[in-house]
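Just below is one structure, and these are the notes that go with it.
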Amino acid sequence: MKVETVNRRFLFVCTTERPPEERPACGAKGMDVLLALRAYLDRTDAWSEIEVVPCGCLGCCEEGAVVLDPARGTMWTGVGPADADALLGRVLAFSPEDGWTSTT
Ligand code: FES
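Each residue of the sequence shown is one higher than the one before, counting from 617 in this note's numbering.
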């Protein structure tokens, strides 16, 4: 096993798709949020600080789209593209040295 230090953080956005006959999934809502978050990073040139990546189900399927910031131990539900700027502003303002308690 090899261990590497990563000097940026990661924000996970659920983009899980399911057939309509199954339980709800973030799907296209998650992808819209992912694109809005990435557009914010393009505008602010903050890619060196944080990477926004798609991920699988985070367990809040009925409340999508769902975004997870593991460094803060924070999960947002019901996120839409219009929330992207405020959400990333909060995430980027947080320093891991601030601890695990969120004040969102
Ligand atoms: S499908 Fe997105 S949280 Fe489960």
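Here a beta-carbon is modelled for each residue, glycine too, at the ideal position from N, C-alpha and C.
Check: residue i C-beta below 7 Å from any heavy atom of the ligand FES
{"i": "Val668", "result": "no"}
{"i": "Thr690", "result": "no"}
{"i": "Leu704", "result": "no"}
{"i": "Leu650", "result": "no"}
For residue i, the residue or residues it bridges with in DSSP
{"i": "Pro670", "result": "Val629"}
{"i": "Leu653", "result": "Its beta-bridge partners do not exist; DSSP assigns none."}
{"i": "Asp685", "result": "Thr690"}
Cβ distance (whole Å) where residue i is taken to contact residue j below 8 Å
{"i": "Ile666", "j": "Arg634", "result": "Ile666 to Arg634, Cβ: 28 Å. No contact."}
{"i": "Val629", "j": "Gly646", "result": "5 Å"}
Quiz: which residues have CB nearer than 5 Å to the ligand FES non-hydrogen atoms: Cys630, Thr632, Ala641, Cys642, Cys673, Leu674, Cys676, Cys677, Gly680 and Val682
Contact between the stretch 674-684 and the stretch 694-710 (3+ Cβ pairs under 8 Å): yes
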